[in-house]
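Have a look at the structure below before the remarks.
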């Protein structure tokens with residue numbers, strides 16, 4: 001086992017990956033500026049969310065007497081920002097890739113790194129205002145029993161309205177990401193039917209693999225996020241407390257899985273996890289290179 005010398009770069013390589021999850025060191029320097037910006041936003045957002053949820057869990061289990069402290073509940077509310085913030089980055093990545101494939105001329109002229117930064121800041125500020133609304137009376141996070149409350153536990157009319165607004169924003173993210181991925185799959189499938197020459201054989205195989213990749217990314221996002229959104233509706237219409245408790249645990253577990261798996265799907269540019277999952281043994285590295293040539297921003301993934 002190699003030892004870590006106390007030099008800045010090597011120190012970060014030895015210490016930072018285990019603490020900040022390894023995907024942060026895999027963002028390559030030769031990527032397009034737009035892709036590097038989006039990948040860093042995704043990696044940083046998910047890392048902070050993971051650390052925050054870990055801290056909340058440790059406090060609840062180690063010091064149960066302060067488990068329902070109002071400040072802990074406020075911290076949980078602030079962590080919702082990173083949940084929706086991850087959705088903001090995923091939406092922007094999906095739309096950026098969709099424009100690159102379906103509107104290449106418009107993409108090359110108008111979609112610059114500065115434009116993406118402005119859009120990202122606006123999305124995050126909007127989400128921050130939505131998340132902090134319960135601190136000003138619009139939404140619930142602390143009930144009369146002095147316990148932390150979920151968004152779906154709302155009973156008052158104003159709190160119920162906030163719950164549905166929160167649900168609508170999350171559902172909109174899922175719809176945009178699903179539409180973008182499905183449209184990319186359709187466009188690439190259409191190209192595959194048009195290309196029949198042997199010259200395009202590798203390119204067609206790459207397109208097929210890229211279609212499966214888009215389907216996998218779309219399904220993973222929806223599966224991990226929809227249960228969290230549906231828990232809001234179930235809390236409003238279902239009166240079975242034990243069922244809600246178990247459902248919320250499963251939804252929270254899927255959310256943690258999303259934060260843990262998300263960077264590997266978006267930042268691992270050679271898709272080792274996806275290829276091992278789909279078991280595409282007949283595709284070689286030449287096919288993967290064909291995918292990169294087909295869609296340069298496939299390296300940034302969603």
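Residue numbers (the UniProt record's numbering): 1 to 302.
Cβ atoms here follow ideal geometry from the backbone N, Cα and C, with glycine treated the same way.
These figures come from a predicted structure and were not determined experimentally.
Which one of the options has the shortest CA to CA distance from residue i?
i: residue 237; options: 154, 257, 184, 138; result: 154
i: residue 181; options: 149, 143, 220; result: 220
i: residue 257; options: 230, 177, 54; result: 54
i: residue 49; options: 86, 94, 95, 125; result: 86
i: residue 144; options: 222, 241, 69; result: 69
i: residue 99; options: 239, 83, 187, 249; result: 187
i: residue 94; options: 173, 242, 150, 230; result: 173
i: residue 179; options: 106, 243, 97; result: 97
i: residue 89; options: 46, 78, 249, 230; result: 46
i: residue 79; options: 62, 92, 91, 56; result: 56
i: residue 83; options: 103, 107, 225; result: 225
i: residue 163; options: 231, 103, 111; result: 231
Report the rounded CA-to-CA distance for residue i versus residue j, giving the unit in angstroms.
i: residue 17; j: residue 101; result: Because residue 17 sits at a pLDDT of 38, beneath the cut-off of 50, its placement in the model cannot be relied upon, and the following sentence gives the value as read from the coordinates. C-alpha separation (whole angstroms): 33 Å.
i: residue 303; j: residue 165; result: Residue coverage of the chain in this structure runs from 1 to 302, which leaves residue 303 outside it and unanswerable.
i: residue 160; j: residue 167; result: 11 Å
i: residue 146; j: residue 36; result: 44 Å
i: residue 233; j: residue 152; result: 7 Å
i: residue 176; j: residue 71; result: 34 Å
i: residue 134; j: residue 114; result: 32 Å
i: residue 157; j: residue 137; result: 12 Å
i: residue 121; j: residue 40; result: 14 Å
i: residue 75; j: residue 52; result: 8 Å
i: residue 222; j: residue 183; result: 16 Å
i: residue 273; j: residue 119; result: Because residue 273 carries a pLDDT of 43, less than 50, the predicted location of this residue cannot be relied on, and the following value inherits that uncertainty. Roughly 30 Å between the two C-alpha positions.
i: residue 298; j: residue 260; result: Caution applies to residue 298, whose pLDDT of 42 falls short of 50 and renders its modelled position unreliable; the model cannot decide the point.
i: residue 245; j: residue 149; result: 12 Å
i: residue 60; j: residue 243; result: 22 Å
i: residue 64; j: residue 105; result: 57 Å
i: residue 124; j: residue 247; result: 28 Å
i: residue 216; j: residue 109; result: 30 Å
i: residue 103; j: residue 44; result: 29 Å
i: residue 240; j: residue 62; result: 29 Å
Does the beta carbon of residue i fall short of 7 Å from some heavy atom of the ligand NAD?
i: residue 136; result: Questions concerning the ligand NAD fall outside what the structure shown contains, since it holds no ligand whatsoever.
Leaving out the 5 sequence neighbours to the left and right, which residues in its chain are closer than 7 Å to residue i when beta-carbon positions are compared?
i: residue 81; result: 127, 128, 131
i: residue 142; result: 70, 73, 148, 149
i: residue 171; result: 229
i: residue 235; result: 150, 152, 153, 244
i: residue 107; result: 99, 100
Ordered along the chain, which non-local residues of its own chain (more than five positions away) have a Cβ less than 6 Å from that of residue i?
i: residue 227; result: 251, 254
i: residue 33; result: 113
i: residue 169; result: none
i: residue 58; result: none
In the DSSP output, what is residue i paired with across the bridge?
i: residue 142; result: 148
If I measure Cβ to Cβ from residue i and keep anything under 8 Å in the same chain, skipping five residues before and after, which residues do I get?
i: residue 117; result: 37
i: residue 77; result: 131, 132, 134, 135, 141
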